[in-house]
Amino acid sequence: SYIPPAGTKNYAPPESYNANKMMKSSDIFAVGDILIELITGVHPFEGKTQEETIANIKAGKYKEIPAYVHGELREMLISMLNLDASRRPTVDILLQSDIMELVKSSNANSSSSRNQQIPVVKTKQEAIIVRRENQIDKTTPIFIIKKESQGKQQGNKFIHSDKNDYCTIAIDPVIKDGIVRFEVVFENTGGLKILGIADASCSFAVGNGPSDDGNDKKTVRYWGSDGDLDHITNDTKGNRSFEDGQRISAIVDMTSNPRKVVFYVDDIEQPNFVIGIPSEIRIWVLVGSKALQWGKSWK
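full-length UniProt numbering puts the first residue of the sequence shown at 1, with every later residue one more than the last.
As structure tokens, then:
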């Protein structure tokens, strides 16, 4: 039996209580349970009594995992505790994860000195990056230019016109599956630059910003000036600002559950990312500025 004696914490999976059965994925649950307790110091299902702990396990009701456990590790641990045993990751999937690759690298070189380990881990990280890049879809962007006055496309570049106006440009193709990486380098923007994603149904009128016409609820906006991340709520702090000449990228992952987009500045992952994004989205960019006339109502 996986159920320990009374008086000790329980690591048995919910199916052992709810259906009186065990399976291979039951071990995955137990390992995830133990890993979270090792990382946080708290049993994820712990109640005031053993009966309450068991009730929490049966209902799949675990404590919120602290924010410092983030990224792939957080996703992996949450998936291991899935109440539906069939939706937990297999051993093979876990061993192929980036986290486990780094652990294996560290264990293989545990007898070496710290200075000797650094290049090995770096090499492993580089290998992980290469593997991830190989999974990313490669496609040619098509800028949706509604009026010639907005600018023109030259290869993979969009060149804004000299007109002093907002220019919000959505980009085809629509992203609806796989992992897609979009990278942009802004040049000569005059200070105003934003990168974001939008629901595929979203349309940007010529001369408007990305949040105009009710699009604030359909877009995520990453501002270069201060690093703010906006959606329905504005001015979310934490990500770094970016300047002309820096490489700004968004990696859209439609394979993860929930779907997500993560932003990078010069390949440095930013702490704030967005989950639960729509099933079909477009990337968009904004460049330019807008003249505001004295004595007039500003929009």
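Beta carbons are placed, not taken as given, at the ideal position from N, Cα and C, and that holds for glycine.
Item, Value
"Starting from E183, trace the beta strand (DSSP E) both ways and give me its first and last residue.", "I179 to V185"
"Grab the span of the alpha helix (DSSP H) containing D92 for me, first residue to last.", "V91 to L95"
"Which whole-angstrom value describes the C-beta separation of P14 and L94, a residue pair presumed to lie in contact below a C-beta threshold of 8 Å?", "Between L94 and P14 the Cβ distance is about 19 Å, and since that is not below 8 Å, they are no contact."
"With the cut-off set at 7 Å, would you say S158 and I169 are in Cβ contact?", "According to the sequence as given, residue 158 is Phe; it is not Ser. In this structure, I169 lies closer than 7 Å to F158 by Cβ."
"Taking the C-alpha atoms as reference points, what is the distance between A250 and E280?", "15 Å"
"Could you check the C-alpha separation between N224 and G155 for me, to the nearest Å?", "A small fix is needed here, since residue 224 is Gly in this sequence, not Asn. Distance between the alpha carbons of G224 and G155: 24 Å."
"In this structure, does DSSP put Y11 in helix, strand or coil?", "coil"
"Apart from the five residues just before and just after F39, which ones in its own chain have a Cβ nearer than 7 Å to its Cβ?", "Residue identity check: residue 39 is Ile in the sequence provided, not Phe. Hits under 7 Å: V69."
"Less than 7 Å separating the beta-carbons of N10 and T53?", "yes"
"Report the three-state DSSP secondary structure of A198 (helix, strand or coil).", "strand"
"According to DSSP, which residues form a beta bridge with G151?", "H160"
"At the level of alpha carbons, what is the spacing between N208 and Y166?", "6 Å"
"Provide the residue span of the beta strand (DSSP E) that contains S249, from first to last.", "R247 to D253"
"Does DSSP classify E280 as helix, strand or coil?", "coil"
"Below 8 Å, can you find three or more Cβ-Cβ pairs linking the stretch 195–211 to the stretch 265–273?", "no"
"By how many angstroms is the C-alpha of L73 removed from the C-alpha of A12?", "22 Å"
"Following the continuous beta strand (DSSP E) through K260, name the residue where it begins and the one where it ends.", "K260 to V265"
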